[in-house]
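Just so we're aligned: the sequence shown equals residues 0 to 811 in numbering that gives the first Met the number 0. First comes the structure, then the notes that go with it.
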Amino acid sequence: MVLILRKKLLLAAQRLLTTKIPPQQGLALRNNHIEYAGRDHVILKNKYGKIVSGPFNRGIFKVYIRGAHNKAPLLEHDSLTIDLSNKDRYGWKMRETKDTVEFTYALTNGLKARLSVDAAKGTLSFLIGSDLVMAEPLSPQVTRDWLLVKKHVLWPGGVKVFGLGENTPPMNKAGQTIIMWNTFPLVYKQGVTPLYQSWPVVIFQLTDGPAIGLVFDNPNYSVFKFSADGKRMKYSVRDSEISYFVLLGPTMPELMRQLTSLTGALPPMPKWALGYQQSRWSYTPSSRVREIAAEFRKRDIPCDTIYLDIDYMDRYKCFTWGEAFSDYLELIRELHGSGFKLVAILDPGLKTEPGYAPYETGVEKGMFVLDPGGGYVKRNVWAGPSCFPDFVNPLVREWWGGMVEEFVKSGVDGIWCDMNEPSTFDLRRTLPPYAIHKASETRRLPHRQVHNAYGYLMSKATYEGLFRTTRLPYVITRSTYLGGQKYAVTWTGDNGSDWEHFRAGIPMILNLSLSGQPVVGPDIGGYHGTPSPELYERWILQGALYPHSRTHARRNTGDREPWTFGPEVEKSARKAIKLRYRLIPYLYSLLYEAAYNGQPVMRPIFYHAPVSLTLNHQEFYETEFLLGPHLLVAPLMDPAPTRTCCFPPGRWYSWWCRKEHEGGEVYETVAEEDTDLPLFIGENAVIPVYPDPPSYIPDRSLDSLEIIITLKDRAQGTVVEYYDRESLLAYEVRAGTGTGRIEWEIRLKRFGRTPAGYRPPKTLHIRLNHPIRKLRLDSWYSHSLAPDPINEMWTMVTINKPTFPLKGRFIL
Numbered sequence: 000m001v002l003i004l005r006k007k008l009l010l011a012a013q014r015l016l017t018t019k020i021p022p023q024q025g026l027a028l029r030n031n032h033i034e035y036a037g038r039d040h041v042i043l044k045n046k047y048g049k050i051v052s053g054p055f056n057r058g059i060f061k062v063y064i065r066g067a068h069n070k071a072p073l074l075e076h077d078s079l080t081i082d083l084s085n086k087d088r089y090g091w092k093m094r095e096t097k098d099t100v101e102f103t104y105a106l107t108n109g110l111k112a113r114l115s116v117d118a119a120k121g122t123l124s125f126l127i128g129s130d131l132v133m134a135e136p137l138s139p140q141v142t143r144d145w146l147l148v149k150k151h152v153l154w155p156g157g158v159k160v161f162g163l164g165e166n167t168p169p170m171n172k173a174g175q176t177i178i179m180w181n182t183f184p185l186v187y188k189q190g191v192t193p194l195y196q197s198w199p200v201v202i203f204q205l206t207d208g209p210a211i212g213l214v215f216d217n218p219n220y221s222v223f224k225f226s227a228d229g230k231r232m233k234y235s236v237r238d239s240e241i242s243y244f245v246l247l248g249p250t251m252p253e254l255m256r257q258l259t260s261l262t263g264a265l266p267p268m269p270k271w272a273l274g275y276q277q278s279r280w281s282y283t284p285s286s287r288v289r290e291i292a293a294e295f296r297k298r299d300i301p302c303d304t305i306y307l308d309i310d311y312m313d314r315y316k317c318f319t320w321g322e323a324f325s326d327y328l329e330l331i332r333e334l335h336g337s338g339f340k341l342v343a344i345l346d347p348g349l350k351t352e353p354g355y356a357p358y359e360t361g362v363e364k365g366m367f368v369l370d371p372g373g374g375y376v377k378r379n380v381w382a383g384p385s386c387f388p389d390f391v392n393p394l395v396r397e398w399w400g401g402m403v404e405e406f407v408k409s410g411v412d413g414i415w416c417d418m419n420e421p422s423t424f425d426l427r428r429t430l431p432p433y434a435i436h437k438a439s440e441t442r443r444l445p446h447r448q449v450h451n452a453y454g455y456l457m458s459k460a461t462y463e464g465l466f467r468t469t470r471l472p473y474v475i476t477r478s479t480y481l482g483g484q485k486y487a488v489t490w491t492g493d494n495g496s497d498w499e500h501f502r503a504g505i506p507m508i509l510n511l512s513l514s515g516q517p518v519v520g521p522d523i524g525g526y527h528g529t530p531s532p533e534l535y536e537r538w539i540l541q542g543a544l545y546p547h548s549r550t551h552a553r554r555n556t557g558d559r560e561p562w563t564f565g566p567e568v569e570k571s572a573r574k575a576i577k578l579r580y581r582l583i584p585y586l587y588s589l590l591y592e593a594a595y596n597g598q599p600v601m602r603p604i605f606y607h608a609p610v611s612l613t614l615n616h617q618e619f620y621e622t623e624f625l626l627g628p629h630l631l632v633a634p635l636m637d638p639a640p641t642r643t644c645c646f647p648p649g650r651w652y653s654w655w656c657r658k659e660h661e662g663g664e665v666y667e668t669v670a671e672e673d674t675d676l677p678l679f680i681g682e683n684a685v686i687p688v689y690p691d692p693p694s695y696i697p698d699r700s701l702d703s704l705e706i707i708i709t710l711k712d713r714a715q716g717t718v719v720e721y722y723d724r725e726s727l728l729a730y731e732v733r734a735g736t737g738t739g740r741i742e743w744e745i746r747l748k749r750f751g752r753t754p755a756g757y758r759p760p761k762t763l764h765i766r767l768n769h770p771i772r773k774l775r776l777d778s779w780y781s782h783s784l785a786p787d788p789i790n791e792m793w794t795m796v797t798i799n800k801p802t803f804p805l806k807g808r809f810i811l
């Protein structure tokens with residue numbers, strides 16, 4: 000009871016010291032004169048400030064606003080996260096009248112978008128086709144410390160608000176107030192804001208209408224407030240300048256392409272990062288790590304990664320190994336020998352200890368955040384009094400990257416960035432707002448102005464350090480900012496081991512995915528507390544299919560390995576994790592799609608079909624999800640053995656029994672047919688899988704590949720076997736129906752220097768949702784044709800030693 004009271008008092012103190020209340024109004028930027036109007040942009044000015052707006056990229060419109068008293072702008076020509084030189088104004092047109100400048104752009108669905116800048120009012124409105132979609136009811140307003148922007152969706156139907164990064168349910172943010180100030184909450188429940196990450200991305204999905212987006216780029220303290228119907232939004236930032244971008248969509252997939260072109264794409268990742276991961280605070284000593292690894296292999300539960308939390312260090316000092324891990328080199332060799340990767344944690348705080356090399360070199364080179372008097376800011380963290388690297392400074396990022404490069408020479412495979420909000424152990428629980436960052440030798444910035452980007456910049460420095468030693472760095476971070484997917488995957492922080500946090504996982508992942516982060520997941524089983532066997536079983540059954548799948552727990556809680564909850568739970572965990580490993584080729588292909596065009600790995604059920612059934616029923620879109628376009632996961636969210644779920648339009652097939660279902664309807668799952676992990680395949684899908692799940696993901700091609708095709712009329716897909724920045728090995732699969740036959744073709748797509756171990760499969764299996772009488776191939780191959788043993792209306796085809804391109808015809 001005393002501990003709970005203490006936590007509540009600390010949380011109250013933290014909120015009192017960090018929460019800021021925006022003003023209701025400021026000085027309006029209206030009655031402007033047009034200083035410049037051209038095809039590229041228009042500049043409006045009055046005595047209180049200026050507005051610069053114009054096309055930025057294909058389907059993206061930029062607005063920059065600055066108060067007149069701001070003499071040191073940060074964002075007008077630069078950004079910590081967006082490449083402002085990445086402009087492509089192709090397709091945009093401009094027309095000027097007396098008081099209005101109008102820009103037009105042809106959208107992918109054939110409609111024309113029109114953005115009208117009203118000079119006198121200082122407002123922006125835009126139309127898609129003949130419909131007025133969004134407008135500013137009032138001109139932007141500025142004070143000395145704040146800037147306010149208001150938006151109004153003008154749409155006769157309903158509006159849902161999604162995105163906004165890491166926030167608790169409900170997923171639809173209508174009626175909510177969201178604060179962005181990266182924070183380590185001692186505990187978080189539903190409705191707590193702010194949390195660890197800031198993703199100022201707002202997506203409005205209009206019922207029977209387009210999807211449109213707003214992206215705000217300022218890493219200062221900011222507040223979003225939405226009306227109950229989602230049609231009115233007020234954005235307030237504690238600064239006197241802002242850049243924001245309008246994403247015109249008009250579909251969710253197109254909007255995500257636009258967001259990726261703006262903030263950057265997910266980089267190539269090692270395939271092993273898709274494997275199941277096991278962690279806790281802490282596996283120590285090294286013998287405990289060996290024990291955990293051995294149990295996974297002994298119990299035939301696939302696993303790729305084990306994490307080391309802070310207890311591997313010497314007294315919590317980063318870049319060191321403590322006595323309990325004095326044999327770390329031998330440990331890493333043993334783990335690698337049995338197929339495991341090792342990810343080690345790093346915190347930003349470096350202990351102020353004479354003789355500790357990172358601290359001494361940091362002082363010598365001036366690498367730390369300063370206080371106004373010119374000394375270093377020191378705060379207590381795990382290691383005690385510590386200094387904090389000034390990641391805003393490019394020289395500091397290079398220095399940190401050098402330490403990371405040296406550290407991973409031990410064989411460490413990836414880095415876990417933690418405590419990087421940044422978090423401290425004083426009442427404020429972060430660095431003071433007056434702390435000083437050196438953006439360059441001549442430019443100083445207060446911490447409050449860059450606070451939300453601190454974790455993002457630590458991730459960037461860490462990623463760049465790893466990139467010196469590997470083509471495929473792996474970084475996971477607790478705190479980040481807009482565009483953070485370029486450097487690290489994330490998780491949703493220190494959740495609880497209860498049903499509320501279990502049910503929060505899907506909507507939190509989906510909103511982060513719609514904000515630009517394709518690889519994310521909560522701690523399976525919860526971080527605080529110990530779940531019941533029943534809760535852990537439900538969690539691992541759905542968590543095995545999260546983009547980032549990791550079990551993690553704090554110290555002084557019960558063991559959290561899949562076998563610690565009894566044989567029945569272990570059996571469920573093995574089944575779910577093995578399913579994940581069968582799906583690795585599909586998940587990896589989705590990673591490529593995320594890197595190539597920004598499509599999320601995990602998507603809401605309305606992503607491709609924002610119809611009333613999928614968009615207007617919270618009980619469905621918060622409890623189901625799509626993996627890519629073709630797999631629908633409808634996990635059981637409570638102890639009941641079945642559930643009601645919603646099928647988006649189109650035909651859907653049960654993964655387990657191949658039974659066909661009609662889409663656009665509600666379905667009650669059946670325990671015998673759909674099992675305790677309901678999973679469905681959509682029509683015209685191409686799903687690559689491993690025929691048998693491996694114990695870990697090897698850095699080479701497996702001998703066999705299976706491709707599941709659910710053909711209605713035409714199906715096509717890309718099966719990616721390997722990719723990095725310079726290389727690609729993939730298969731282009733196409734199939735189409737004709738009279739009494741199915742024509743199909745698989746072409747090899749290859750360029751660059753792929754590693755020697757990656758090659759086409761020796762055996763190819765094709766599983767098709769049609770009964771096939773005969774197979775004709777363009778060339779002779781040893782092959783077999785048989786009914787699918789699960790459902791005789793399906794067919795399993797096996798082709799030995801195929802070469803590509805591979806063409807054939809199925810005779811129905």
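In this text, a Cβ means the ideal position worked out from N, Cα and C, and glycines have one as well.
If you scan the region 577-642 from start to end, which runs of the alpha helix (DSSP H) of 4 or more residues do you find wholly inside it?
-> 583-596, 611-614 and 617-620
Going by C-alpha distance, which of 723, 267 and 776 is nearest residue 752?
-> 723
From residue 159 to residue 64, what does the alpha carbon distance come to, in whole angstroms?
-> 27 Å
Nonlocal neighbours in the same chain, by C-beta distance under 7 Å from residue 544, ignoring five residues either side | 579, 626 and 632
Do residue 86 and residue 55 have their C-beta atoms closer together than 8 Å?
-> yes
Taking three-plus beta-carbon pairs below 8 Å as touching, is the region 281-288 in contact with the region 304-311?
-> yes
List in chain order: all unbroken beta strand (DSSP E) runs of 3+ residues lying wholly within the region 723-749.
-> 727-737
Per-residue DSSP class, three states only, for residue 369 | strand
Could you tell me the boundaries of the alpha helix (DSSP H) in which residue 203 lies?
-> Here residue 203 belongs to no alpha helix (DSSP H); instead the beta strand (DSSP E) covers 200-205.
Option nearest residue 617 by Cα separation, candidates 336, 574, 506 and 330 | 506
Collapsed DSSP secondary structure at residue 512 in the structure displayed = helix
Rounded C-beta distance between residue 317 and residue 349? I'm assuming under 8 Å.
-> 6 Å
From 783, 809 and 784, residue whose alpha carbon lies closest to that of residue 734 | 809
What whole-angstrom Cβ distance do residue 480 and residue 460 have, given they're in contact under 8 Å?
-> About 14 Å; that fails the 8 Å criterion.
Three-state secondary structure assigned by DSSP to residue 769 | coil
Supposed close pair residue 347, residue 419 - CB separation, criterion 8 Å = 5 Å
Is the Cβ-Cβ distance between residue 265 and residue 487 less than 8 Å?
-> no
Return the CA-CA distance between residue 635 and residue 475, expressed in angstroms with no decimal places.
-> 28 Å
Have a look at 371, 394, 382 and 466 and flag the residue whose alpha-carbon is nearest the alpha-carbon of residue 434.
-> 371
Could you have a look at residue 221 and say whether DSSP puts it in helix, strand or coil?
-> strand
Proximity winner among 332, 702, 586 and 798, relative to residue 756 (alpha-carbon distances) | 702
From this set, 23, 38 and 30, which residue's C-alpha is nearest residue 147's C-alpha?
-> 23
Figure out for me which residue from 417, 390 and 415 has the closest Cα to the Cα of residue 443.
-> 390
Rounded separation between residue 789 and residue 410 - CA only = 44 Å
Beta-carbon proximity of residue 811 to residue 766, cut-off 8 Å | no
Distance, residue 320 Cα to residue 406 Cα = 10 Å
How many Å lie between residue 605 and residue 227 at the Cα?
-> 21 Å
Does DSSP put residue 270 in a helix, in a strand, or in coil?
-> helix
Closer than 8 Å to chain D by CB, residue 510 | Annotation note: the requested chain D is absent from the structure, which comprises a single protein chain.
Is the region 663-683 close to the region 553-564, with three or more CB pairs under 8 Å?
-> no
Have a look at residue 174 and residue 189 and give me their C-alpha separation to the nearest angstrom.
-> 14 Å
Cβ neighbour criterion (16 or more within 10 Å) applied to residue 715 = exposed
Can you name the residues that DSSP bridges to residue 24?
-> Partner(s): none; residue 24 has no beta bridge.
Per-residue DSSP class, three states only, for residue 473 = coil
Whose C-beta lies closer than 7 Å to the C-beta of residue 81 among residues of the same chain, with five residues either side of it excluded?
-> 216, 261, 262 and 482
Taking all protein chains shown into account, do 16 or more other C-beta atoms lie within 10 angstroms of the C-beta of residue 395, making it buried, or fewer, making it exposed?
-> buried
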